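J.: Under the numbering used here, the residues of the sequence shown are numbered 63 to 160, in order.
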Amino acid sequence: MPKCQKCGGNWTWKQTVKKSFTLDTRMKCPHCSEIQFISKRTRKWSSALMFVIPLVLLLNIFWEPTLWTIVIMICIASTYLVSYPYWLELSNEENLPF
């Protein structure tokens with residue numbers, strides 16, 4: 063679970079998911095109200111993992127889509143969404159994505 067870089071407070075899974083589903087790159091700590099940002103390392107990992115879903119969709123152009131491909135895509139997406147709060151890291155300053 064993410065830990066605030068200012069106060070050291072651990073965020074709950076629910077707080078992390080709620081704060082992650084916004085378009086703003088800033089996240090306010092629920093304990094000390096300081097602004098936190100997603101770390102550069104977490105951004106790189108999430109970008110790489112989210113590349114898998116479009117890749118599976120592109121592969122369906124060459125092969126006939128099957129029920130298994132749809133099931134695999136749903137499993138990958140749900141695993142990503144459920145596990146994201148566990149490997150999310152926070153930073154005090156905003157970093158460029160790459």
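Virtual Cβ for every residue (Gly too), placed ideally from N, Cα, C. Since we're looking at a predicted model, the values are computed, not measured.
1) Is the closest heavy atom of the ligand HEM to the C-beta of Leu-152 under 6 Å?
2) Should Leu-152 be labelled buried (16 or more other beta-carbon atoms within 10 Å of its own) or exposed?
3) Out of Ile-100, Pro-116, Leu-117, Ile-132, point me to the one whose CA is closest to Phe-83's CA.
4) Between Leu-117 and chain B, is there a C-beta pair that is closer than 7 Å?
5) Quick one: using the 10 Å Cβ neighbour count with 16 as the cut-off for buried, is Leu-129 buried or exposed?
6) How would you write the range of the alpha helix (DSSP H) that Lys-81 sits in, first residue to last?
7) Starting from Met-112, follow the alpha helix (DSSP H) in both directions and report where the run begins and ends.
8) Pro-92 and Thr-78: beta carbons closer than 7 Å?
9) Using a Cβ-Cβ cutoff of less than 6 Å, which residues in the same chain neighbour Trp-73 once the five nearest sequence positions on both sides are dropped?
10) Looking only at its chain, what residues have a beta carbon closer than 7 Å to the beta carbon of Cys-94, apart from the 5 residues adjacent to it on each side?
T.: This is what the structure gives:
1) Of ligands this structure carries none, so the ligand HEM is not represented either.
2) buried
3) Ile-100
4) Of the protein chains in the structure, only one exists, and it is not chain B.
5) exposed
6) 75-82
7) 102-112
8) no
9) Met-63, Pro-64
10) Cys-66, Lys-68, Cys-69, Gly-71
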